[in-house]
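Student:
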Amino acid sequence: MYSLAQHPDIQATCHEEIDELLRFRETDDILWEDLSHLPYLSMCIKEALRLHSPVPFIQRQLTQDTDLDGFLAPKGMLVNIIVYNIHHNPTVWEDSLEFRPERFTEENINARSPYAFIPFSAGPRNCIGQNFAMDEMKLVLAKMLYRFTLVLDPGHKVEKLESLVMKAKTGIQMKVIPRKPA
Numbered sequence: 055m056y057s058l059a060q061h062p063d064i065q066a067t068c069h070e071e072i073d074e075l076l077r078f079r080e081t082d083d084i085l086w087e088d089l090s091h092l093p094y095l096s097m098c099i100k101e102a103l104r105l106h107s108p109v110p111f112i113q114r115q116l117t118q119d120t121d122l123d124g125f126l127a128p129k130g131m132l133v134n135i136i137v138y139n140i141h142h143n144p145t146v147w148e149d150s151l152e153f154r155p156e157r158f159t160e161e162n163i164n165a166r167s168p169y170a171f172i173p174f175s176a177g178p179r180n181c182i183g184q185n186f187a188m189d190e191m192k193l194v195l196a197k198m199l200y201r202f203t204l205v206l207d208p209g210h211k212v213e214k215l216e217s218l219v220m221k222a223k224t225g226i227q228m229k230v231i232p233r234k235p236a
């Protein structure tokens with residue numbers, strides 16, 4: 055919601071996509087099968103997860119000796135994977151601090167390593183609930199954007215507080231303005 059409130063033009067594109075999906079419906083109910091018809095909203099969610107990684111790091115214990123770019127890391131060693139740094143690596147993400155949902159078109163996804171975007175971890179120990187979490191985020195955000203426009207409070211400065219889970223130090227203040235779908 056924060057990233058969409060920061061970028062009204064991108065939020066407007068999401069409004070259009072959701073309005074088109076629900077245009078001829080008698081209710082604003084979004085069905086499970088509708089979620090696949092919101093590709094731009096999905097790209098926005100993924101880009102927000104990249105830019106504002108909810109879990110800034112993960113830790114793994116090596117199960118075997120591993121060569122890490124010429125450094126031999128022994129079996130049993132704890133390795134910290136700084137997800138935040140991976141998601142902001144300028145060699146992978148051009149203008150890495152900018153919100154650009156198009157980074158998550160199928161073509162762009164296929165052009166980079168599958169380990170360049172890991173908000174739910176990766177490999178055999180990734181989050182088993184990641185698909186459910188993505189669908190839940192998409193559903194809640196679609197319902198919200200269908201009814202409202204999100205506007206940041208210009209007088210409130212958002213500061214990141216890095217901890218086990220990334221959050222805003224003093225919260226995020228925004229207005230939720232009712233809208234009429236197109």
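Numbering (our numbering), first residue to last: 55 to 236.
Don't be surprised by glycine CBs; every beta carbon is placed ideally from N, CA and C.
Per the contact definition of three or more C-beta pairs closer than 8 Å, is the region 98-118 in contact with the region 141-155?
Tutor: yes
Student: Decide if the region 68-83 is in contact with the region 147-154; the criterion is three or more beta carbon pairs, one per stretch, under 8 Å apart.
Tutor: no
Student: So, at 6 Å on beta carbons, what are the nonlocal neighbours of PHE174 in its own chain, with the 5 sequence-adjacent residues on each side left out?
Tutor: ASN180, CYS181 and GLN184
Student: Among VAL194, MET131, LYS223 and THR224, which has the Cα closest to the Cα of LEU95?
Tutor: VAL194
Student: Alpha helix (DSSP H) containing ILE72: first to last residue?
Tutor: Residues 62-76.
Student: Compute the Euclidean distance between the alpha carbons of LYS234 and ASP189, then round it to the nearest angstrom.
Tutor: If you take the alpha carbons of LYS234 and ASP189, they lie about 24 Å apart.
Student: For the region 89-135, list the alpha helix (DSSP H) runs that are entirely contained and at least 4 residues long, ordered along the chain.
Tutor: 93-105
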